[in-house]
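>
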Amino acid sequence: PPQKGGDRSLENGVSLLHKVSLNVVETIEESEGGGIMVIEEVQLFRQLSTDFMRELGNTIQEESYPANHTVFNQGDAADSLYILVGGGINLVVRDKGSMNFMVEIPGEVFGWSSLVEAKKYTASAVTYSPTRVMKINTARLEHIFERHPRDAYVVMRRLAGVVGKRLMNTYRDLMRLRSDDSTPSYG
484 PPQKGGDRSL ENGVSLLHKV SLNVVETIEE SEGGGIMVIE EVQLFRQLST
534 DFMRELGNTI QEESYPANHT VFNQGDAADS LYILVGGGIN LVVRDKGSMN
584 FMVEIPGEVF GWSSLVEAKK YTASAVTYSP TRVMKINTAR LEHIFERHPR
634 DAYVVMRRLA GVVGKRLMNT YRDLMRLRSD DSTPSYG
């Protein structure tokens, strides 16, 4: 089962983010002495408004998983977006065959299906090493989007870029397979 780290102090969160080269650009101290970490270098959330980032920081939950742990299954109801902190995820799409995508660079996102209609995960996510993620509940994220429509537009546009990049990689892989299968026979 995942080990939840959402109760960690701000100092631990800041330290964690520095270790994975995600820059924490701002710590906002609240009157009660607590704080909210603001992540600026995760591509999806780069250069958004301070208010949006403050609210987002309050929704992030850190989780840790052992190797070979299933984070979610293809077809499950999609309720969270994930950002890789460390380790690695194998995204597996199964139908009549299977296709794998690796998520291994800190800051990469997965679970994007939680932000688009059908709200079903299009792949299974399985760790291939001990893995740490930041988990964002998308119902809460959508409420933030409603309050910050300009920031929401930027996030969704960037998300479309992530999906488009993965689609292009899939096309490239399929073309490579197709060219391998079409080797002429001379016998």
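Sequential numbering from 484 applies to the sequence shown in the working numbering.
Cβ coordinates follow ideal geometry from the N, Cα and C atoms, glycine included.
Which residues in the same chain as Thr605 place their Cβ atom closer than 7 Å to its Cβ, once the five residues preceding and following it in sequence are excluded?
Excluding the 5 residues flanking it on each side, Thr605 has same chain C-beta neighbours closer than 7 Å at Gln557, Val576 and Ser596, in chain order.
> Thinking C-beta only, is Arg615 closer than 8 Å to Gly569?
yes
> Evaluate contact between the region 527–535 and the region 577–585, counting only Cβ atoms and requiring at least three cross-stretch pairs below 8 Å.
no
> Based on the DSSP output, what are the partners of Lys618 in its beta bridges?
Gln544 and Tyr565
> Between the Cα of Met651 and those of Phe584, Arg633 and His626, spot the shortest distance and give me the residue it belongs to.
Phe584
> With distances taken from CA atoms, which of Leu567, Ser612, Arg649 and Met617 is nearest His552?
Nearest option by C-alpha distance: Ser612.
> Which of helix, strand or coil does DSSP assign to Ile627?
In the displayed model, Ile627 falls within a helix according to three-state DSSP.
> Does the beta-carbon distance from Val554 to Thr610 come in below 8 Å?
yes
> Under 8 Å Cβ to Cβ from Asp656, same chain only, skipping five residues before and after it: list those, please.
Met582
> Look up Leu650 in the DSSP assignment and say whether it is helix, strand or coil.
Shown here, Leu650 sits in a helix according to DSSP, grouped into three states.
> Could you say which of Glu600, Leu624, Ala608 and Thr533 lies nearest to Val586 if we only look at CA atoms?
Ala608
> Just confirm the distance between the C-beta atoms of Leu531 and Val637, as a whole number of angstroms; I'd bet it's less than 8 Å.
6 Å
> Return helix, strand or coil for Thr605, following the three-state DSSP convention.
Coil at Thr605, not helix or strand.
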